[in-house]
Each structure stands twice: as structure tokens, then as C-alpha cells.
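Using our numbering, read the sequence shown as starting at 231 and increasing by one per residue. Please read the structure below before turning to the comments.
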Amino acid sequence: MKLSETMQPSQVLATKRKLPMSESQYTNGAKRNGTERTKADVKKSLSSEFKHLEILFSPSVEMKIWAVAERSLNMPEPPTWFPEYTKPGSTEYVYRDASFWTSGFFPGLLYLIMERRKKFQTELRLLGLSRSEPDFPHMLQLEYASKWWTESLHQNGSLMGTHDLGFMICPWARLQWDLHRDPKAFDTLMTAANTLADRFSAKVGCIRSWDVCQTKVYSFTDPSKDFLVIIDNMMNLDLLFWAASEASSQADSTRFFDIAMAHARTSKEYLIRADCHTSCWSRGQAWAIAGFAKSYEWSGENSFLDTAKNCADYFLGRLPDTHIPPWDFDAQEESGATTQPPDTSAAMVAAYGMLLIHQSLQSRSEPSPYLGHALRIVDSVCERHLNPAASQKQDLGTIPTVENGRATIVKCVETAAGLGDTILSGATINNFEFAPRRWADHGLVYADYFFVLFGNKLLEMNALRSLA
């Protein structure tokens, strides 16, 4: 169904809620003639065309995340420091304060594991990708760890001075609400939406990103003179669109929706350009792909989908043969260096955005090359930038029992992250020579987050069935 761009916000949101995607819309016409056929055909395709994609659903992915999470479970208070990155050449996470913009991604990983367990086990079994051994951690342990890791983050809903509330809140609170109907998570989401909306300027038509920003080459320190807007902010509109769909009053719903639409339209007009002469930051390009694709999904405004497609096509056209983007597509030309560091976070965000584009095109019964492009990028990431696997070891012991004498039990399960706390390597926070901090080719929490999110989105869309 094509949504009219003249619909009122409430009409658009109501219509979107009534349009669940049918299974057939994601299969490109592939039909399931029995579970065994699906397993065999998908396995064959994965092993031939995409040799490494099964890693997305490997138990080692969960073990990596759990190995980091369980270190904090015996602390006297919930965590107030959150994993961000591993230093280049190192394997151990460096942590940031709860008020830093990346704080929500690691707890979000815990909730993505939970979502996969609760919602997608049937799909994994149909595809022959489910594990045979019992799940560890147990679901009750996972639920406890998820709440433990987020208890200190609810306060961020009221955090002033940042546009990153979507990143900070949505990765964990949305699933805490969707999976458990946790009223505290809902309240935090609505509070964060109001806080973010307060940064909107009707005069500018945008949400203010940073209040101030300084590097070694420029300085913006007066918010009364400067209104800073960056492309990352497109990703935070998801919070406002969601709040518009859940708000209890029509006035709040309209306010959130209109602010998100205005910001997306202004960003489309002024931030997407053909005349930039300095660089093309690959992760910024990826934020644009996913941000505009998500804005189309919520609003149905065709220009957002067109923008997402154009940004994706440019991204794909600049990829090297490895399908792994450099941190900046033009940095080699500018710096004269023969090679540039890769950025797997850009790869994963862009691939996720391409899934969203594919989903939207399929819902309109239009052809889409973007699923194949996304799978190819992620397959290459799995091949080239996967850290060594995590491992688990059972510690056995005996206990005296009335019925069986001394019974052997598993006393505990020890999880080791292996070489590297992160799932992926090859991310680059920033390699700009004048940046306040410069790190390249390392592990990064949001590269891992979008890696696991990509896997869950594939399962949600039944997209792997199209390989049969």
C-alpha cells in the first residue's frame, strides 16, 4: 500500500500499525515446501554464496556479550560505566560514563540476545541455524543481567545538552517495553522524547545536535550564534516517531511527529549534498542510509526512501573490492596515504540501512538489490574482521542427596571472551588528523550492536528464506 503524503500524522501512524508485513513479501517469491527443504536450500546458499553469514547466529556471539556482562553482576551497585571501544592493538574494553552517547549500546546487546531467544527461535530452527545444546545464559539470568545493566541509564531520559538520546535510550528501553511491557522503560522513553523535542528550533527546522564543538581546526562555543546539526541526528528521530505512535494525547503525538518530519526534511535539503569537496565520512553516509530509511518506514514520505536509496547507491559505488568501507572514502586522496583504516561500524550501519530499504521496497512490490548488497557486506565483515571466538567451561561438582547419594551437578559455567572483548575488529572511531581523539582499526561497541541487530532484522523479515 502506498501511503499518501497528504495524510495527517495520526492517519499515517494508524495506517502503519495496521500493515504487518506478510511472510511472502520478504521471500521474493520463494515458497517453503517443508522445513527440511528450507534448511537444505538455505544452508547450501549460505555455504556457497555467503560462506560466513552463519556466524551472525553463532553461540559465540552471545558468549562474547555474556563474558563482558557477567563481570559486573557481582558488583554492589548496577554499572555506571559502560563499554565503548578497545584500544588499537588491545583487546580489553575501555569504558565510558553513563552520560556518554554510547552508553546504551552494550545493554542493547543484552536485549537483542533476549529478543532473539523470545521471538526468533522458530525461524532459526526452520533455517537449521538453532543450537542443539541448552541455552546459556539461562533466560532468567539474561533478564536479570539486562535490568541490572540498565538500572543506571533511566536517568538519561532527562539528560540535557545532547541529541543522542535515541542512541542512549532506544537500544535497551524499546525492547524492555516491547518484550516485558515494563512501565519504567516506557516512561523513560517518553521522557527522553520530550527532552529531545525540546532541542528543536522551529526557526531552523532542526533539532540542535551539539551545543558546542571544538577540534584543533575549528571552535563553536556560543549556542546563541551557532546551531550545530550533524547527520548522526537522523538516527535519533526513531525515538520521536515511536513516541508519536505511543503518546496518550493527540497533541503530543502530533508534536513529536511534526518535529521528526521537519528535521528529516531539513536534513535532506541541507546535509545531503553533491558539492562537498573535502571528504565523505563513511559512517556518516551510513547514518544517512539508515536514518532516512527508518524515517520512510515511519512516515511513508517517498522522498525519504529516495534519499536513503541514493545514499546507499553512493556508498556501494565507493566500496573497495573487499566490501569493507574505509573510514572516509576520500581520505586517501586528501592525505596521500596509500591505505586508510577500515570501519566495520560503517559497514554494519549501512548494511542495516539497506535491509530497511529492501523491506520497504518489497512492501511496495518493487524490485530490490539491497538485500544482496547488505549480505555481501556483512559476509565480508565476518570473513575479515571477526575476533577469536569466546568459550565456556563447565565446573562440575558433587552434592549429597537423599535419593542418589552424591550427585554430580554443574556448579558454574565460566565464560571467557577470548582474544578481544568485542565481536568485531576493524572499526574506526575517528582518524581525522585534527580530531580531539583519534583511534583506528579497533573494536567498537556500536559495531557489535549493529552486527547483532542486523542478524535479528534478517530473522524478523524472514529474509534468509529468499536464498532458497
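A virtual CB, placed ideally from N, CA and C, is assigned to each residue, including glycine. Predicted model, so just to flag it, every value in this text is computed and none were measured.
Assigned secondary structure, residue i (DSSP; H/G/I helix, E/B strand, else coil)
i: Asp209; result: It is not possible to answer for residue 209, since the shown part of the chain is limited to 231 through 698.
i: Cys541; result: helix
i: Trp311; result: strand
i: Leu616; result: strand
i: Gln444; result: strand
i: Leu342; result: helix
i: Trp402; result: helix
i: Pro632; result: Here residue 632 is Val; the residue named in the question, Pro, does not match the sequence. In the structure shown, Val632 sits in coil (DSSP, three-state: anything other than H, G, I, E or B).
i: Phe684; result: helix
i: Val434; result: coil
i: Asp408; result: helix
i: Arg606; result: helix
i: Glu644; result: strand
i: Thr745; result: Since the first residue shown for the chain is 231 and the last is 698, residue 745 is missing from the structure and cannot be characterised.
i: Lys639; result: It should be pointed out that residue 639 corresponds to Ile in this sequence rather than to Lys. Three-state result, Ile639: strand.
i: Tyr306; result: For the record, residue 306 in the displayed sequence is Pro; it is not Tyr. Coil at Pro306, not helix or strand.
i: Arg548; result: helix
i: Arg301; result: helix
i: Asp327; result: strand
i: Asp651; result: coil
i: Asn692; result: coil
i: His672; result: strand
i: Ala415; result: helix
i: Asp573; result: coil
i: Met584; result: helix
Burial state of residue i (16 or more Cβ within 10 Å)
i: Phe534; result: buried
i: Thr445; result: exposed
i: His493; result: buried
i: Lys641; result: exposed
i: Ala693; result: buried
i: Tyr374; result: exposed
i: Arg355; result: exposed
i: Ala604; result: buried
i: Met390; result: exposed
i: Gly685; result: buried
i: Thr652; result: buried
i: Phe681; result: buried
i: Met691; result: buried
i: Gly264; result: Residue confidence is low: Gly264 scores 46 on pLDDT, short of 50, so the model does not pin down where it sits. Its coordinate-derived value is still stated next. Classification for Gly264: exposed.
i: Gly521; result: buried
i: Asn634; result: exposed
i: Val459; result: buried
i: Gln480; result: exposed
i: Leu340; result: buried
Neighbourhood of residue i by C-beta distance below 7 Å, restricted to the same chain and skipping five residues each side
i: Gly338; result: Pro401, Trp402 and Tyr679
i: Ala637; result: Thr628, Ile629 and Thr631
i: Trp296; result: Pro367 and Thr645
i: Ala665; result: Thr445
i: Leu283; result: Leu276, Leu605, Val608, Asp609 and Cys612
i: Ala427; result: Leu470, Arg485, Phe486 and Ile489
Residues of its chain near residue i, where Cβ-Cβ distance is below 8 Å and the 5 sequence neighbours each way are ignored
i: Ile639; result: Leu626, Gly627, Thr628 and Ile629
i: Arg429; result: His393, Ile437 and Arg438
i: Phe545; result: Ser512, Gln515, Ala516, Ile519, Pro555 and Ala580
i: Glu314; result: Tyr323, Val324, Tyr325, Arg326, Phe330, Thr332, Leu674 and Val675
i: Ser509; result: Asp558, Phe559, Asp560, Ala561 and Glu564
Nearest residue (CA-CA) to residue i, options the options
i: Thr380; options: Arg404, Lys433, Gln371 and Pro309; result: Pro309
i: Asn660; options: Ile607, Ala670 and Asp651; result: Ala670
i: Gly648; options: Tyr676, Tyr323 and Ser497; result: Tyr323
i: Asn466; options: Leu303, Glu373, Thr392 and Thr484; result: Thr392
i: Arg695; options: Leu601, Ala619 and Arg614; result: Leu601
i: Glu663; options: Leu340, Trp557, Phe430 and Ser590; result: Trp557
i: Phe486; options: Phe471, Arg495, Tyr500 and Ser479; result: Phe471
i: Leu689; options: Gly396, Ser360, Tyr325 and Trp331; result: Ser360
i: Lys455; options: Val434, Lys317, Ile285 and Val447; result: Val434
i: Phe335; options: Pro289, Ser320 and Gly396; result: Gly396
i: Ile399; options: Ser333, Leu340 and Ala432; result: Ser333
i: Tyr526; options: Pro599, Ser590, Asp560 and Glu292; result: Ser590
i: Arg347; options: Leu372, Ala328 and Tyr325; result: Leu372
i: Leu586; options: Ala538, Glu300, Thr645 and Ser509; result: Ala538
i: Pro572; options: Ala473, Trp511 and Ser302; result: Trp511
i: Ala699; options: Pro318, Ile461 and Gly650; result: Any property of residue 699 remains undetermined from this structure, which presents the chain solely from 231 to 698.
i: Asn617; options: Phe280, Ile285, Met491 and Glu300; result: Ile285
i: Leu501; options: Phe350, Ala490, Met464 and Ala477; result: Met464
i: Thr321; options: Leu549, Ala677, Leu683 and Leu654; result: Leu654
i: Asp551; options: Arg614, Arg668 and Ser593; result: Arg614
Residues of its chain near residue i, where Cβ-Cβ distance is below 6 Å and the 5 sequence neighbours each way are ignored
i: Ala516; result: Ala576, Val579 and Ala580
i: Val611; result: Thr574 and Ala577
i: Ile607; result: His553, Ala577 and Ala581
i: Glu292; result: Ile343
i: Gln496; result: First, the amino acid is wrong: residue 496 is Thr here, not Gln. If we look at Thr496 and ignore the five residues flanking it on each side, its Cβ neighbours are Gly435 and Cys436.
Contact with chain C by residue i, beta-carbon distance below 8 Å
i: Gly635; result: Within the model displayed, chain C is absent; a lone protein chain is all it includes.
Review point. Which runs of the alpha helix (DSSP H) spanning at least 4 residues fall entirely within the stretch 450-538, listed in chain order?
Key: 467-476, 480-500 and 512-529
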